[in-house]
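Q: The structure that follows is given in the form of structure tokens.
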Amino acid sequence: MSQSFKQSPDNALKETGFARIIPCKQLDVADPLKWLGLGWRDAFRAPVITLFFGVLFTLAPWVIYYLVELTGWHLIILPSIVCFMLLGPFLAAGLYDVSWELEKGHQPSLWHSIKAINRNAVNEWAFGLLLLVIMIFWLRVSALIHALYPNYLEPNLANLMPFLLLGTVVGAGFTMLVFFISAFTQPILMERRVDLATAVLSSMNAVWVNKAPMAVWALIILTCVGIGFITYFFAFLILMPLIGYATWHGYIDTIETKRERHYD
1 MSQSFKQSPD NALKETGFAR IIPCKQLDVA DPLKWLGLGW RDAFRAPVIT
51 LFFGVLFTLA PWVIYYLVEL TGWHLIILPS IVCFMLLGPF LAAGLYDVSW
101 ELEKGHQPSL WHSIKAINRN AVNEWAFGLL LLVIMIFWLR VSALIHALYP
151 NYLEPNLANL MPFLLLGTVV GAGFTMLVFF ISAFTQPILM ERRVDLATAV
201 LSSMNAVWVN KAPMAVWALI ILTCVGIGFI TYFFAFLILM PLIGYATWHG
251 YIDTIETKRE RHYD
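Dropping the structure here:
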């Protein structure tokens with residue numbers, strides 16, 4: 001952890017000069033697997049809501065794929081899908097609400113989960129705008145990569161490979177950035193009345209402090225996205241809600257609270 005951050009003995013927020021950082025716990029490498037187990041439990045306890053959000057996460061990439069097919073710009077199909085995934089943490093607010101309601105012993109409802117995005121409305125919508133700006137910038141970069149492709153070349157794998165590799169490297173950089181700033185930002189904004197800078201910095205700090213466990217978590221998310229691709233997005237019906245629920249439990253497990261939580 002950066003030496004400029006002062007660890008508070010009473011678990012108060014740490015000052016960074018322009019924002020605050022909520023302290024985080026030290027995680028074990030296997031903790032992300034525990035989050036998945038708890039996510040599965042939430043999915044089975046709220047099957048209808050899980051299916052609703054699963055359908056949303058499945059339809060969205062289909063629509064993106066169809067629209068890109070209409071343009072004929074095949075090189076930006078993958079970046080477009082990745083852009084949808086960049087907005088995933090923002091769209092998953094409803095799933096976080098379901099897990100939070102179950103944690104409190106309440107019966108979750110679809111309408112309550114839909115309204116979750118307005119719980120800390122200004123900062124949550126600002127977070128969505130931040131992700132949207134990153135998405136637009138990534139689309140512009142991918143369009144530039146597409147523009148570099150010579151029109152006289154046949155669109156075969158050998159000719160496309162340099163551009164696909166370049167797009168993959170650039171996309172990996174964008175994805176890593178978004179993972180750092182969004183790993184726990186949305187749950188923090190939903191549960192705590194804090195500003196966007198505090199939530200983003202707290203998320204980045206938690207990822208940085210727990211590099212190995214969070215790398216495992218990132219690999220799990222990447223694997224689920226890969227499974228979604230090879231199943232023509234049908235797997236997103238289950239996998240995306242599962243990731244959403246598990247993220248909430250990861251937040252509970254990672255970000256410090258003044259009172260111990262008992263939901264495991």
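Once you know that position 110 of the sequence shown is 110 in the UniProt record's numbering, the rest is easy, because the numbers rise by one and skip nothing.
Beta carbons are placed, not taken as given, at the ideal position from N, Cα and C, and that holds for glycine.
Computed from a predicted structure; not experimentally measured.
1) If you follow the alpha helix (DSSP H) that N210 is in, where does it begin and where does it stop?
2) CA-CA distance, L131 and L189?
3) What do you get for G37, buried or exposed, if any count of 16 or more other CB atoms within 10 angstroms of its CB means buried?
4) Between which residues of its own chain and A92 is the CB-CB distance below 8 Å, once the five residues before and five after are set aside?
5) Is it a yes or a no for the segment 161-169 touching the segment 140-148, going by three-plus beta-carbon pairs under 8 Å?
6) With a 10 Å radius around its C-beta and 16 neighbouring C-beta atoms as the bar for buried, classify W208 as buried or exposed.
7) Spatial neighbours of T231 within its chain, please: C-beta separation below 6 Å, excluding the five flanking residues on both sides.
8) Excluding the 5 residues flanking L237 on each side, which residues of the same chain have their C-beta closer than 8 Å to its C-beta?
9) For S113 and I49, what's the separation of their Cα atoms in angstroms?
10) In terms of residue numbering, what span does the alpha helix (DSSP H) encompassing E103 cover?
11) For the alpha helix (DSSP H) that V141 lies in, which residues bound it at each end?
12) Could you check how far apart the C-beta atoms of D253 and L95 are, in whole angstroms? I think they sit under 8 Å.
13) Looking at the structure shown, is R20 part of a helix, part of a strand, or coil, going by DSSP?
14) What's the call for H106, buried or exposed, on a 16-neighbour Cβ count within 10 Å?
15) Do you know offhand how far L102's Cα is from V194's?
16) With a threshold of 7 Å between beta-carbons, can L219 be considered close to chain B, or not?
17) Under three-state DSSP, which class holds S2?
18) Between the alpha carbons of G228 and L201, how many angstroms are there, rounded?
19) Note down the Cα distance separating D42 from S99, rounded to an integer number of angstroms.
20) When DSSP builds the beta bridges, which residues end up paired with I255?
21) State the DSSP-derived secondary structure class of P108, mapped to helix, strand or coil.
22) Hey, would you say F184 sits closer than 7 Å to I255, going by beta carbons?
23) From the DSSP output, in three-state form, read off A46 for me.
24) Going by DSSP in three states, F233 sits in which element: helix, strand or coil?
A: From the atom records:
1) The residue labelled residue 210 in the question sits at position 210 within the sequence shown. Taken as a continuous stretch (DSSP letters only), N210 belongs to no alpha helix (DSSP H), as it is neither H nor E.
2) As a first step, residue 131 must be located in the sequence shown, where it is residue number 131. As a first step, residue 189 must be located in the sequence shown, where it is residue number 189. Approximately 15 Å, taken between the alpha carbons.
3) Within the sequence shown, residue 37 is the residue found at index 37, counting from 1. So G37 counts as exposed.
4) Numbered from 1 along the sequence shown, position 92 holds the residue referred to as residue 92. Closer than 8 Å at the Cβ level, and outside the excluded window around A92, lie F53, Q186, M240, I243, G244, T247.
5) yes
6) As a first step, residue 208 must be located in the sequence shown, where it is residue number 208. Flag for W208 reads exposed.
7) For the purposes of this step, residue 231 is taken as residue 231 along the sequence shown, with counting starting at 1. Once the five neighbours on either side are set aside, T231 has no close Cβ partner at all.
8) The residue given as residue 237 occupies position 237 in the sequence shown. Correct list, in chain order: L51, G54, V55, F57, T58.
9) Residue mapping note: residue 113 aligns to position 113 of the sequence shown, counting from 1. Residue mapping note: residue 49 aligns to position 49 of the sequence shown, counting from 1. Cα-Cα distance, rounded: 9 Å.
10) Position 103 of the sequence shown holds residue 103. Note, E103: alpha helix (DSSP H), 93-103.
11) Taking the sequence shown and counting its residues from 1, the one referred to as residue 141 is at position 141. Segment 121-147, the alpha helix (DSSP H) holding V141.
12) Against the sequence shown, residue 253 aligns to sequence position 253. Against the sequence shown, residue 95 aligns to sequence position 95. With a Cβ gap of about 16 Å, D253 and L95 do not count as contacting.
13) Counting from 1 along the sequence shown, the entry for residue 20 is found at position 20. Note: R20 maps to strand in three-state DSSP.
14) Within the sequence shown, numbered from 1, the residue matching residue 106 stands at position 106. Classification for H106: exposed.
15) Counted from its first residue, the sequence shown places residue 102 at position 102. Counted from its first residue, the sequence shown places residue 194 at position 194. Rounded to the nearest angstrom, the two C-alpha atoms are 23 Å apart.
16) Note that chain B does not occur in the displayed structure, where there is just one protein chain.
17) One-based indexing of the sequence shown puts residue 2 at position 2. Caution is warranted here: a pLDDT of 38 is assigned to S2, below 50, making its placement in the model unreliable, and no coordinate value can be reported.
18) Here residue 228 refers to the residue found at position 228 when the sequence shown is read from its first residue. Here residue 201 refers to the residue found at position 201 when the sequence shown is read from its first residue. Rounded to whole angstroms, G228 to L201 spans 30 Å at the Cα level.
19) The count along the sequence shown starts at 1 and reaches residue 42 at position 42. The count along the sequence shown starts at 1 and reaches residue 99 at position 99. Approximately 6 Å, taken between the alpha carbons.
20) In the sequence shown, residue 255 corresponds to position 255, counting from 1. DSSP, once it has assigned bridges, lists C24 as partnering I255.
21) Working through the sequence shown from its first residue, we reach residue 108 at position 108. If DSSP states are grouped into helix, strand and coil, P108 belongs with coil.
22) Position 184 of the sequence shown, counted from the first residue, corresponds to residue 184. Position 255 of the sequence shown, counted from the first residue, corresponds to residue 255. Yes, they are a contact pair.
23) The sequence position of residue 46 within the sequence shown is 46, counting from 1. Looking at A46 - three-state DSSP - the assignment turns out to be coil, as it is neither helix nor strand.
24) For the purposes of this step, residue 233 is taken as residue 233 along the sequence shown, with counting starting at 1. Note: F233 maps to coil in three-state DSSP.
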